[in-house]
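Comments concern the structure below.
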Amino acid sequence: MNYIFIDESGDLGFKTSSSHYFILVAILVSNPKKLDNLVKNTYRKYKRRIYKSNELKATKTPNDINMDIIVKLNKIDNKVFAIVFEKSNIYKLDFQNDINILYDILASKLANLIEINDKTVIIVDKNKNQIQIKNFNEVFKKNLNNLKNHPISFIHANSINYKGLQIADLLSWSIYQKYENKNDAFEKLIENKSVKKVYED
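Everything in the sequence shown is counted per numbering that gives the first Met the number 0, starting at 0 for the first residue and increasing by one.
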């Protein structure tokens with residue numbers, strides 16, 4: 000049985016303060032307890048330096064600790080998938096000025112990268128209402144590479160409750176640093192990754 004954790008960095012807004020890029024990341028593992036242990040051990044090792052919270056957030060964690068987590072993550076069997084969307088290409092998408100439709104369109108591109116070879120549970124940070132959740136689930140499931148129709152289920156939950164979502168947060172943040180801030184120090188540490196720019200010329 001496999002587990003996929005999904006998170007994003009950047010935003011889908013178009014204000015002056017909005018990001019130039021939107022990053023969507025999935026990490027696939029067969030043993031999510033190893034991600035739990037990675038986060039717990041990080042708290043234990045760096046308890047005097049990590050922001051006091053029930054949730055590990057890359058933006059609030061010192062850079063050297065984020066790097067240490069990625070290096071240790073590479074020792075765990077996993078696959079990382081990411082799509083990179085430069086928002087200047089927004090004119091290429093027909094999303095009816097609906098941010099939720101736009102999100103699902105981009106999520107479908109992420110799903111296209113993922114090959115399903117076992118029963119799979121997909122865990123997504125919960126930030127949608129029930130209709131939006133239903134639409135996301137349908138679009139994402141439809142676009143997965145699941146030729147043998149392995150069972151797929153979804154969980155939309157608070158990232159406080161899933162350490163795998165906290166790792167996905169770190170991965171999306173790391174890739175975001177490369178594109179938004181021209182800093183690839185974190186992204187280049189991530190092994191076994193598939194990163195695709197979408198809607199590029």
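Ideal Cβ positions, reconstructed from N, Cα and C, are used throughout, including at glycine.
Indicate whether residue i and residue j have their beta-carbon atoms separated by less than 8 angstroms.
i: serine 173; j: glutamate 186; result: yes
i: alanine 156; j: phenylalanine 4; result: no
i: glycine 163; j: tyrosine 2; result: yes
i: serine 158; j: aspartate 124; result: yes
i: isoleucine 98; j: leucine 143; result: no
i: lysine 32; j: isoleucine 75; result: no
i: serine 29; j: methionine 0; result: yes
Run the proximity test for residue i: is its beta-carbon closer than 7 angstroms to any non-hydrogen atom belonging to the ligand GTP?
i: leucine 55; result: This structure does not include the ligand GTP; it has no bound ligands of any sort.
Could you tell me how far apart the beta carbons of residue i and residue j are, in whole angstroms, since I believe they sit closer than 8 angstroms?
i: phenylalanine 84; j: leucine 109; result: About 10 angstroms separates the two Cβ atoms, so there is no contact after all.
i: asparagine 191; j: lysine 56; result: Their Cβ separation, rounded to whole angstroms, is 23 angstroms, which puts asparagine 191 and lysine 56 out of contact at 8 angstroms.
i: leucine 101; j: leucine 11; result: 6 angstroms
i: leucine 72; j: leucine 37; result: 6 angstroms
i: isoleucine 64; j: arginine 47; result: Rounded, the Cβ-Cβ distance is 11 angstroms, inconsistent with contact.
Could you name the residues of the same chain whose beta carbon sits closer than 8 angstroms to that of residue i, not counting the 5 residues immediately before and after it, in chain order?
i: threonine 58; result: Trp172
i: serine 107; result: Val138, Phe139, Lys141, Asn142
i: asparagine 53; result: Ile159
i: tyrosine 42; result: Ile49, Leu55
i: lysine 127; result: Asn99, Phe135, His155
i: leucine 92; result: Leu101, Ile104, Tyr198
Thinking just about the alpha-carbon of each residue, which of the options is nearest to the one in residue i?
i: glutamine 165; options: Ile26, Val70, Glu137, Ser18; result: Ile26
i: lysine 196; options: Asn88, Asn30, Lys127, Leu146; result: Asn88
i: leucine 146; options: Leu188, Asp117, Lys44, Ile132; result: Asp117
i: isoleucine 122; options: Thr60, Tyr198, Asn160; result: Asn160
i: tyrosine 198; options: Asn53, Ile132, Thr60, Tyr90; result: Tyr90
i: valine 6; options: Asn53, Leu105, Ser52; result: This sequence places aspartate at residue 6; valine is not what is there. The candidate whose alpha carbon is nearest that of aspartate 6 is Leu105.
i: serine 273; options: Tyr45, Lys86, Lys39; result: With the chain covering only 0 through 200, there is no way to say anything about residue 273.
i: asparagine 148; options: Phe13, Lys44, Asp93, Thr119; result: Thr119
i: asparagine 96; options: Ile132, Asp200, Phe13, Val194; result: Phe13
Given residue i, which residues of its chain have a CB within under 6 angstroms of its CB, disregarding the five upstream and five downstream residues?
i: phenylalanine 135; result: Asp103
i: serine 17; result: Asp10
i: tyrosine 178; result: Tyr20, Val83
i: glutamine 176; result: Asn182, Phe185
Within the same chain, show all residues whose beta-carbon is closer than 7 angstroms to that of residue i, passing over the 5 residues directly before and after it, in chain order.
i: isoleucine 189; result: Ile69, Val79, Leu170, Ser173
Any contact of the stretch 176 to 186 with the stretch 150 to 166, i.e. 3+ C-beta pairs under 8 angstroms? No, because fewer than three Cβ pairs between the stretch 176 to 186 and the stretch 150 to 166 fall closer than 8 angstroms, the two stretches do not touch.
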